[in-house]
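Numbering (the working numbering), first residue to last: 851 to 1096.
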């Protein structure tokens, strides 16, 4: 296992002793995650995802903070005869505390201010539904939505939020953007909330399973693990931004 993979594993599992052993300078925080072969490469300019282990930890914190008072969180599956075939469990409270300890150590060691808003657009291909130069609502859909009376600022919010841009999302909300619209299907539900939540539960279950099998972590898995963590962590991060009253 190379150093980048070892650091990714340590950050994902919030293993502070390993992080302390491997991180000596601030540049050590930056790691490269190889992109999976096949269609995945179409979404990226290059052969790897460049990310800081601090962001890996941030995404984990965003994804699990709501479970800080729970001692067990499981991914369970049953077959057609109602026989349990999967029972992957973690202690989310303990995991979250370990995450915070890692974040605190990194930020203190390198004097990093970790509380400013983040733009995670670069990582949006991890969700595998947008190329890095695409928008969720395309031009024709925006034109039709404007004709139907929707506001440009609300449509812009859908696009920046879907790509994980916390900075732009916050600015639009501050200017009065309304997230509670559906310009595609005209339902009473929020399109952007449905986008962000659509895969959240599935990828949370996958993340739980990854976390519960540290001993069997395989070298070829980091991209898939990061993809699930992105959709759980950044999804929750953007949801918090757009639904919190300013």
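Heads up, the beta-carbon is just placed ideally off N, CA and C, and yes, glycines get one too.
What you are looking at is a predicted structure, and each value in this text was computed from that prediction instead of being measured.
Identify, in the order they occur along the chain, each residue of the same chain with its Cβ nearer than 6 Å to the Cβ of residue i, setting aside the five sequence neighbours on each side.
i: residue 1085; result: 1046, 1050
i: residue 973; result: 1080
i: residue 880; result: 902
i: residue 884; result: 898
Which of the three DSSP states is assigned to residue i in this structure?
i: residue 1001; result: coil
i: residue 1108; result: The structure shown does not extend to residue 1108, since the chain spans only 851 to 1096, so no value can be given for it.
i: residue 933; result: coil
i: residue 867; result: helix
i: residue 898; result: strand
i: residue 1095; result: coil
i: residue 1035; result: coil
i: residue 980; result: With a pLDDT of 45 at residue 980, under the threshold of 50, the modelled position of that residue is not reliable, and no figure is offered here.
i: residue 1015; result: strand
Using CA atoms only, rank isn't needed, just tell me which of the options is closest to residue i.
i: residue 903; options: 854, 969, 1065, 1040; result: 854
i: residue 1098; options: 1036, 1020, 851, 1078; result: Nothing about residue 1098 can be read from this structure; the chain reaches only from 851 to 1096.
i: residue 963; options: 953, 1008, 970, 1094; result: 953
i: residue 859; options: 1074, 917, 1016, 989; result: 1074
i: residue 878; options: 852, 893, 1052, 989; result: 852
i: residue 899; options: 1053, 1026, 975, 1083; result: 975
i: residue 1025; options: 1006, 1043, 857, 1056; result: 1006
i: residue 918; options: 1017, 940, 1064, 1033; result: 940
i: residue 1020; options: 1038, 968, 937; result: 968
i: residue 971; options: 1017, 924, 1093, 1036; result: 1017
Below 8 Å CB to CB, which residues in the same chain sit around residue i once its five sequence neighbours on both sides are set aside?
i: residue 864; result: 907, 910, 945, 948, 949, 951, 952
i: residue 1063; result: 938
What residues are listed by DSSP as bridge partners for residue i?
i: residue 884; result: 898
i: residue 939; result: 924
Shorter than 8 Å, the distance from the beta carbon of residue i to the closest heavy atom of the ligand FMN, or not?
i: residue 910; result: The ligand FMN is not part of the structure shown, which contains no ligands of any sort.
Within its chain, find whatever has a CB closer than 7 Å to the CB of residue i; leave out the 5 residues flanking it on each side and keep chain order.
i: residue 920; result: 942, 943
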